[in-house]
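Encoded as structure tokens, the structure appears first; notes follow it.
Residue numbers (the numbering used here): 1 to 261.
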């Protein structure tokens, strides 16, 4: 049985795409909201523009989270790497979420690092679609070399080869392998520092096996109170969530219950 939360370090709360339940995902507003709400780290997604600027966006296109269809209607469904940074920086990445966020830009990785530097909040950076962006890993590494001092950064991806390539460039930066299901033998993934599965696949037995292999477990994306509590009870090291305030409240309440038992 797992130790109660009161006798162990609570899981780190990682704000998924920033505090994306209260601000437009992957924007500086969402990053700032995550900091304000007490998240331990912020998770964002990085891709690259045609001219090599790492920007923060999740989807393969800009259509869902920007007004690209208004500015460049013939290119609305074109892939992110087909746009220059000058084209991207003119887009509105906030109005789709609500009028109060109109004009929110698509941020660069450098801007996110600048926002986090004085906060003490870490960064969990997901490398998106590296197979279609052959220079992305090197571009991310270059920005991190220049601008990440003062920010605790972990890089994650579903793409194992991208993580291996990143490790060759920046071996001191922790890496997490994203997976949809828990591997039967987590020791085979000991070349990374964490294996990060879907929250519904995690059990306490798996977490113990991962810990014995020297691996941390960060689950995604646990939003309900029940899912957050299940992940904590399994002993995970981190919980990635759209709702960091809720996660922190659930963990505080669980600790209080354990303390009074």
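Just so you know, even glycine gets a beta-carbon here, dropped at the ideal spot from N, CA and C.
Just so you know, these numbers come straight off a predicted model, no measurement behind them.
Next item on the list: Sort 229, 95, 182, 232 by Cα distance to residue 70 and report the nearest one.
Entry: Counted from its first residue, the chain shown places residue 70 at position 70. When C-alpha distances from residue 70 are compared across 229, 95, 182, 232, the shortest belongs to 95.
Next item on the list: Quick one: residues in its chain with C-beta nearer than 6 Å to the C-beta of residue 143, no 5 flanking neighbours on either side, listed in chain order?
Entry: Stepping through the chain shown from its first residue, residue 143 is reached at position 143. Cβ within range, chain order: 54, 109, 110.
Checklist line | C-alpha distance - residue 177 paired with residue 215, whole-angstrom precision | finding: Here the question's residue 177 lines up with position 177 in the chain shown. Here the question's residue 215 lines up with position 215 in the chain shown. Cα to Cα, residue 177 sits roughly 10 Å from residue 215.
Item checked: C-alpha gap between residue 14 and residue 247, whole angstroms -> Mapped onto the chain shown, residue 14 falls at position 14. Mapped onto the chain shown, residue 247 falls at position 247. Distance between the alpha carbons of residue 14 and residue 247 is about 9 Å.
Item checked: Unbroken beta strand (DSSP E) run spanning residue 40, endpoints -> As a position in the chain shown, residue 40 is number 40, starting the count at 1. Where residue 40 is concerned, there is no enclosing beta strand (DSSP E), given that its DSSP letter is neither H nor E.
Next item on the list: State the Cα-Cα distance for the pair residue 202 and residue 86, rounded to the nearest angstrom.
Entry: As a position in the chain shown, residue 202 is number 202, starting the count at 1. As a position in the chain shown, residue 86 is number 86, starting the count at 1. The C-alpha of residue 86 is placed about 42 Å away from the C-alpha of residue 202.
Next item on the list: May I have the straight-line CA-CA distance separating residue 46 from residue 27, to the nearest angstrom?
Entry: Here residue 46 refers to the residue found at position 46 of the chain shown. Here residue 27 refers to the residue found at position 27 of the chain shown. Near 12 Å, if we compare the C-alpha coordinates of residue 27 and residue 46.
Next item on the list: Would you mind reading off the limits of the beta strand (DSSP E) that contains residue 156?
Entry: One-based indexing of the chain shown puts residue 156 at position 156. Start and end: 153-157.
Next item on the list: Leaving aside the five residues before and after residue 265 along the sequence, list all residues of the same chain whose C-beta is less than 8 Å from its C-beta, in chain order.
Entry: Residue 265 cannot be examined here, being either before or after the span of the chain that is shown, 1 to 261.
Item checked: Buried versus exposed call for residue 64 [16 or more other C-beta atoms within 10 Å across all chains shown] -> Walking along the chain shown from the start, residue 64 turns up at place 64. Burial call: exposed.
Item checked: Local conformation of residue 216 per DSSP, three classes -> If you number the chain shown from 1, residue 216 lands on position 216. Strand, per DSSP.
Checklist line | Span separating the alpha-carbon of residue 126 from that of residue 167 | finding: Taking the chain shown and counting its residues from 1, the one referred to as residue 126 is at position 126. Taking the chain shown and counting its residues from 1, the one referred to as residue 167 is at position 167. Looking at the two C-alpha atoms, the distance is approximately 14 Å.
Note to self: Does residue 129 pass the burial test, meaning 16 or more other C-beta atoms within 10 Å, or should it be called exposed?
What the structure shows: One-based indexing of the chain shown puts residue 129 at position 129. So residue 129 ends up on the buried side.
Next item on the list: Jot down the residue ranges of each uninterrupted beta strand (DSSP E) in the stretch 128-178, minimum 3 residues, whole runs only, in chain order.
Entry: Entirely contained in the stretch 128-178, the beta strand (DSSP E) runs reaching 3 residues are, in chain order, 153-157.
Item checked: Pairwise C-alpha distance: residue 152 and residue 259 -> Counting from one through the chain shown, the residue named residue 259 turns up at place 259. Counting from one through the chain shown, the residue named residue 152 turns up at place 152. So the alpha carbons of these two residues sit roughly 31 Å apart.
Check: In terms of residues, what are the limits of the beta strand (DSSP E) holding residue 12?
Finding: Residue numbering aside, residue 12 sits at position 12 when the chain shown is read from its first letter. Where residue 12 is concerned, the enclosing beta strand (DSSP E) stretches over 12-16.
Item checked: Endpoints, beta strand (DSSP E) assigned at residue 195 -> Here residue 195 refers to the residue found at position 195 of the chain shown. Residue 195 -> beta strand (DSSP E) spans 194-197.
Margin query: Just to check my reading of the structure: residue 273 and residue 49 have Cβ atoms closer than 8 Å, yes? What is that Cβ distance to the nearest angstrom?
Written below: Past the edges of the chain, shown from 1 to 261, lies residue 273, and the structure says nothing about it.
Notebook entry, point to check: Nearest CA to the CA of residue 231: which residue from 146, 217, 19, 174?
Noted result: Mapped onto the chain shown, residue 231 falls at position 231. With distances taken between Cα atoms, residue 231 lies closest to 217.
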